[in-house]
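Taking the working numbering, the leading residue of the first sequence gets 67, the next gets one more, and so forth.
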Amino acid sequence: MYNSYTRSKEPFQSITPGHVGMYVCGPTVSGESHLGHARPYVTFDVLYRYLTHLGYKVRYVRNVTDAGHFEEEGRQAEDKIASKAVLEKLEPMELVTKYTNLFRWAMKQFNNVEPSIEPTATGHIVEQIEMIKKIMAEGYAYEKNGSVYFDVKKYAEDFKDSNPYGKLSGRVLDDMLETTRELDGQEEKRDKADFALWKKAPPEHIMRWASPWGEGFPGWHIECSAMSSKYLGEEFDIHGGGMDLQFPHHESEIAQSSICHHGKLMARYWLHNNMITINGKKMGKSYNNVIKLTELFSGHHPLLEQAYHPMTIRFFILQSHYRSTLDFGNEALQGSEKALKRLWEAYENLQKLDATKFGSSAGDAQLDAKVNKLVTEFAEFMNDDLNSAKVIANMFELAPVINGIKGGQIATTALSAATITQLQLQMKVWLEDIFGLQNPSAAGATDDGKLGGVIEVLIQLRKEAKARKDYQTSDAIRNQLMTLGIQLKDEKDGTVSWSM
RNA sequence: GGUACCGUGGCCGAGAGACUAGGCAGAGCUCUGCAAAAGCUCGUACAGCGGUUUGAAUCCGCUCGGUACCUCCA
67 MYNSYTRSKE PFQSITPGHV GMYVCGPTVS GESHLGHARP YVTFDVLYRY
117 LTHLGYKVRY VRNVTDAGHF EEEGRQAEDK IASKAVLEKL EPMELVTKYT
167 NLFRWAMKQF NNVEPSIEPT ATGHIVEQIE MIKKIMAEGY AYEKNGSVYF
217 DVKKYAEDFK DSNPYGKLSG RVLDDMLETT RELDGQEEKR DKADFALWKK
267 APPEHIMRWA SPWGEGFPGW HIECSAMSSK YLGEEFDIHG GGMDLQFPHH
317 ESEIAQSSIC HHGKLMARYW LHNNMITING KKMGKSYNNV IKLTELFSGH
367 HPLLEQAYHP MTIRFFILQS HYRSTLDFGN EALQGSEKAL KRLWEAYENL
417 QKLDATKFGS SAGDAQLDAK VNKLVTEFAE FMNDDLNSAK VIANMFELAP
467 VINGIKGGQI ATTALSAATI TQLQLQMKVW LEDIFGLQNP SAAGATDDGK
517 LGGVIEVLIQ LRKEAKARKD YQTSDAIRNQ LMTLGIQLKD EKDGTVSWSM
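Following this line, the structure appears as structure tokens:
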């Protein structure tokens with residue numbers, strides 16, 4: 067896997083054989099998650115699933131940033147209606163709970179496995195304060211007016227041989243000191259590059275805790291250092307997150323942790339996913355171009371031509387490499403939607419094949435070898451820096467073979483029973499277990515399969531109409547179901563299948 | 001301004017010195033009562049200009065265009 071820290075691909079080797087500790091930076095729950103947030107959590111979910119599949123016991127920690135300096139989105143607009151705003155004022159924890167729940171709901175829609183631990187920043191104020199105290203005791207932080215800042219310059223000098231400041235993000239401290247920028251609280255810092263460990267809370271600030279330095283709240287970076295070491299130890303295997311977190315967030319984490327843990331580098335492998343873009347621009351709050359996940363699922367957004375199923379999004383993400391930017395577009399998403407549908411139907415066709423009907427040897431040795439090669443390559447591609455795009459490309463090369471067997475264009479004697487069995491197994495493992503994909507057209511779980519029963523009745527009626535050559539009736543049934551989004555297909559063997 | 005990165009056929013997107021990536025859309029054909037689905041076939045792309053090389057989309061240089069980070073950010 068590609069390690070951002072060393073800027074090279076490295077073979078993965080866990081610190082403790084058989085075990086993996088993985089920390090992924092979670093969301094800031096001051097507002098609703100958007101499409102951009104889907105990428106890291108799908109990407110690292112697949113990594114988690116893959117490592118688990120490989121037999122590792124993985125402890126996956128993904129934090130929830132629910133403390134800090136933020137206001138509810140849209141609040142400013144509401145403030146214009148001043149009197150109303152007072153009445154509708156939300157308790158900070160209420161706000162944070164609302165968006166945390168919404169985030170978890172969205173993760174479930176994506177079929178992301180729940181992390182082993184999902185620690186919240188507010189639940190670890192004590193740990194963060196302790197860590198700040200330690201950094202101060204070591205002489206790498208100073209207090210000013212109730213806020214505590216990290217002394218980057220001192221760290222950079224003392225740790226230049228172990229974990230040099232700027233190594234992860236490719237930054238030169240001297241260059242950074244030259245950038246002029248007016249920032250809040252800048253005048254309190256000894257140096258522009260310093261960052262806050264603890265911030266004094268102004269009277270109107272919604273979240274505040276008591277600390278040795280007065281009432282305030284933790285700086286953004288300290289939570290990850292504190293919580294990762296608490297649950298994964300001073301050194302763990304994988305640290306993941308979006309590329310935009312590389313600096314200053316991850317750089318700061320490294321610095322804080324190095325001081326508290328005797329110069330140990332907190333994580334061995336640093337993985338960063340690239341951004342989802344929209345018209346070539348990063349999707350982000352500050353660009354005013356976000357599409358929230360709820361909007362994506364419902365289709366209610368001016369940029370959306372239709373609603374998109376969470377599995378379409380998941381598949382869309384997996385069709386590209388995680389370190390490339392991925393450009394959003396209706397045409398692209400619709401392409402993914404159709405592609406996934408076709409792939410999934412091929413997969414279902416495959417699982418319906420009866421392996422015992424295949425011979426012990428392959429009638430078409432060349433095709434048989436090709437199939438085996440394509441399947442073997444799944445792991446090869448995934449082992450090369452998680453290239454899910456290539457794995458999926460192989461699956462699409464297998465689809466015509468599967469459909470060909472079903473459709474009769476390929477003889478059942480062409481492939482050996484062993485190959486079919488292997489194909490069935492591996493497709494299941496990769497599609498469902500590792501990629502975490504699900505049938506995108508599955509009927510809602512609520513109808514208990516009643517819909518299927520109803521459709522079977524209609525299929526039977528249509529069959530009878532067809533038998534007496536009453537094509538008007540049979541076509542009417544088919545067409546009317548089609549307008550409801552249910553498609554009937556007359557199969558070659560006389561049966562009728564349907565999909566949504 | 002500093003530091004990286006990117007520019008692939010109508011769209012999305014792999015690849016990275018010689019090999020058809022793949023998907024969607026489009027065209028033709030086969031099967032079919034019709035349709036859909038499925039299968040088969042097709043497009044021969046790598047920003048531009050130079051250079052290195054037997055050979056470059058892939059390496060080097062320049063030009064043009066774009067993005068990200070340097071501030072909260074997935």
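Ideal placement from N, C-alpha and C gives every residue a C-beta, glycine not left out.
- Inclusion of His-338 and Ser-70 in the CB contact set at 8 Å is warranted, their separation being smaller than that value.
- Met-493 carries a helical assignment under DSSP once its states are collapsed to helix, strand and coil.
- The residue among Tyr-231, Gly-299, Pro-376 with its C-alpha nearest the C-alpha of His-315 is Tyr-231.
- The DSSP-derived three-state label of Leu-331 is coil.
- For Met-88, there is no enclosing alpha helix (DSSP H); the enclosing beta strand (DSSP E) covers residues 85–90.
- With a beta-carbon spacing of about 14 Å, Val-214 and Asp-257 fall beyond the 8 Å limit used to define contacts.
- In the same chain as Glu-76, and ignoring 5 residues on each side of it, the C-beta atoms closer than 6 Å to its own belong to Asn-69, in chain order.
- Note that the C-beta distance between Thr-479 and Gly-395 is not below 8 Å.
- Under DSSP, the beta-bridge partners assigned to Leu-392 are Ile-342.
- Residue environment analysis places Trp-171 among the exposed positions, since fewer than 16 neighbouring C-beta atoms fall within 10 angstroms of its C-beta.
- Secondary-structure assignment with DSSP links Asn-69 through a beta bridge to Ser-74.
- A distance of 8 Å or more separates the beta carbons of Thr-422 and Thr-391.
- Secondary structure at Leu-234: coil, using DSSP grouped into helix, strand and coil.
- For Gln-553, no alpha helix (DSSP H) segment is defined; the enclosing uninterrupted segment is the beta strand (DSSP E) at 553–556.
- Residue environment for Gly-474: exposed (fewer than 16 other C-beta atoms within 10 angstroms of its C-beta).
- Counting along the chain, Phe-283 sits inside the beta strand (DSSP E) bounded by residues 282–284.
- Inclusion of Gly-308 and Met-341 in the CB contact set at 8 Å is warranted, their separation being smaller than that value.
- A Cβ-Cβ distance of about 13 Å is found for the pair Leu-234 and Gln-322, leaving them out of contact under the 8 Å criterion.
- In this structure, Phe-225 lies near Gly-329, with their beta-carbon atoms less than 8 Å apart.
- Under DSSP, Val-214 shares a beta bridge with Glu-209, Trp-264.
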